[in-house]
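full-length UniProt numbering puts the first residue of the sequence shown at 1, with every later residue one more than the last.
Note that CB positions come from ideal geometry on N, CA and C, so glycine has one too.
These figures come from a predicted structure and were not determined experimentally.
Notes follow once the structure below has been shown.
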Amino acid sequence: MSRLVSVIIINLNGKANLEECLNSLYRVTYSPFEVIVVDNGSTDGSDVLLKEKFPRVKLIVEENKKLGFAEANNLAYKKSKGDYILLLNNDCIVTKNFLESLVSHLQRNPRVGIVQPTILFYRPNTPLHRKINSVGSFFLNSGFLYHKDYGKSFVKQKYSKPCEIFSAYGACLLAKREVIEEVGLFDPGYFLYFEETDLCHRVWLAGYSVMLEPRVYVFHKGAQTSKRLPAAFVQFHSFKNKLHSYLKNLDSHYLLSMFIPHFLVSEVGALLYLFFGKPEFTLAVQRAIYWNLKNITKILRERKNVQENIRRVSDSSFIPKFMRSTGIEYYYFLSKGELEKYENDR
């Protein structure tokens, strides 16, 4: 008998995207699955849509408090019953066999904790349409993430079999409940961004692996919620959470060899933002650093928990195989949000 999958979707004024997402989801070949939607105070009639067209969806409405992405997912997780947890963005359009393939992968591989499909952009009439949004993330020596083949054409011959990745992309990933129970889901202090990378790092530390199953795919519109937020706000949370995650999860060797370069590169980037007339971005980076310093006592307690209760393997057992090198132009395009223009893929 197939095991239950709990699909968790977070929604904020995404009625049109949500309807398209759910229509595709209810056409998948796998069953059984339940769908839990956390509506984060929408005012566009999303709740009415769900009640009228998708009555099987378990709806959790948050009217009085805007939950961050991490906290909203954690809330839904507590209400879920599945042996597998699918985290899915409301602006994804899934394919019929993707869930069956992802579940099969986890069932065949007891030491795999998380798996993601190939995630392709869904942006009709744009150059990015059907190009790669995510095939997993890797490490750079600077501590920044390397998003492999972002914006490039998907070549089946290059991605013909499953492979290990450092971090899956939170737009669509499937996790084993037993692994989440062991390492925890998302850090509730992460309002948005980097929460899935923090989770994947803990999965690796616990002795499990994170995989890409490239032979199935979903489509992702991307940035449908974050584009409505101030760019400096997004920048602050991205930097804050990245620093927070490394302080918690890295062992002493990698904390010195990666965190310090990351700090220095971030400061250089902050100065460049100032030079290019974006002082709000400079301030966002400084606020992120200050937040971590201000909360260092709490972070050290969290670090103690990770290192003593979750860690089963050393960082050196997995981080080196995920190290990649890039040219300096990678950082330039990353900072401009135009990573698809980076050509020197190595």
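Report the CB separation of Met211 from Ile165 in whole angstroms; it is logged as a contact under 8 Å.
7 Å
Mind reading off the beta-carbon distance from Val103 to Glu213? Whole number of angstroms is fine, and I expect it under 8 Å.
Val103 to Glu213, Cβ: 10 Å. No contact.
Can you give me the start and stop residues for the beta strand (DSSP E) that Ile93 sits inside?
Cys92 to Val94 is the extent of the beta strand (DSSP E) around Ile93.
Residue range of the alpha helix (DSSP H) that includes Gln107
Phe98 to Arg108
Val155 - DSSP class collapsed to helix/strand/coil
Coil, per DSSP.
If we ignore side chains and look at the alpha-carbon of each, how far apart do Val38 and Leu4 end up?
Using only the alpha carbons, I get a separation of about 19 Å.
By Cβ distance below 6 Å, which residues in the same chain neighbour His201 in space, the five residues on each side in sequence not counted?
Asn249
Can you tell me which of Phe139, Ala171, Arg123 and Thr43 puts its alpha carbon nearest to the alpha carbon of Pro320?
Phe139
Unbroken beta strand (DSSP E) runs of length 3 or more, entirely within the stretch 8 to 35: which are they?
none
Would you kindly work out how many angstroms separate the C-alpha atoms of Arg215 and Tyr208, rounded to a whole number?
Using only the alpha carbons, I get a separation of about 21 Å.
With the cut-off set at 8 Å, would you say Leu22 and Asn11 are in Cβ contact?
no
Label Ala223 either buried or exposed according to how many other C-beta atoms from any shown protein chain fall within 10 Å of its C-beta, with 16 as the threshold for buried.
exposed
How many angstroms separate the CA atom of Glu71 from the CA atom of Tyr77?
10 Å
DSSP state of Ile165 mapped onto helix, strand, coil:
coil
Helix, strand or coil for His129? Go by DSSP, reduced to three states.
In this structure, His129 counts as coil in the three-state DSSP scheme.
Going by other Cβ atoms of all chains shown within 10 Å of its Cβ, with 16 needed for buried, is Cys172 buried or exposed?
That one is buried.
Cβ of Gly14 within 8 Å of Cβ of Asp91?
yes
Answer with buried or exposed for Leu88, where buried requires no fewer than 16 other C-beta atoms within 10 angstroms of its C-beta.
buried
Looking only at C-alpha atoms, which of Phe239, Leu293 and Val61 sits nearest to Gly269?
Phe239
From Tyr246 to Asp198, what does the alpha carbon distance come to, in whole angstroms?
8 Å
Using the DSSP secondary-structure output, state which residues sit across from Lys176 in a beta bridge.
Tyr84
Taking 8 Å as the cut-off, decide whether the C-beta atoms of Leu174 and Leu229 are in contact.
With respect to the 8 Å criterion, Leu174 and Leu229 are not classified as neighbours on the basis of their beta carbons.
Return helix, strand or coil for Phe139, following the three-state DSSP convention.
strand
Cβ distance (whole Å) where Glu196 is taken to contact Ala168 below 8 Å
6 Å
Would you report the Cα separation of Leu50 and Ile60, rounded to the nearest angstrom?
11 Å
Any idea what DSSP makes of Met258, helix, strand or coil?
helix
Other residues of its chain near Asn73: CB distance less than 7 Å, five sequence neighbours each side excluded
Ile8, Ile10, Leu87, Leu185 and Phe186
Rounded separation between Arg27 and Lys96 - CA only
6 Å
Let me know the secondary structure DSSP gives Thr43 once reduced to three states.
Thr43: coil per DSSP, three-state reduction.
Is the CB-CB distance between Phe333 and His220 below 8 Å?
no
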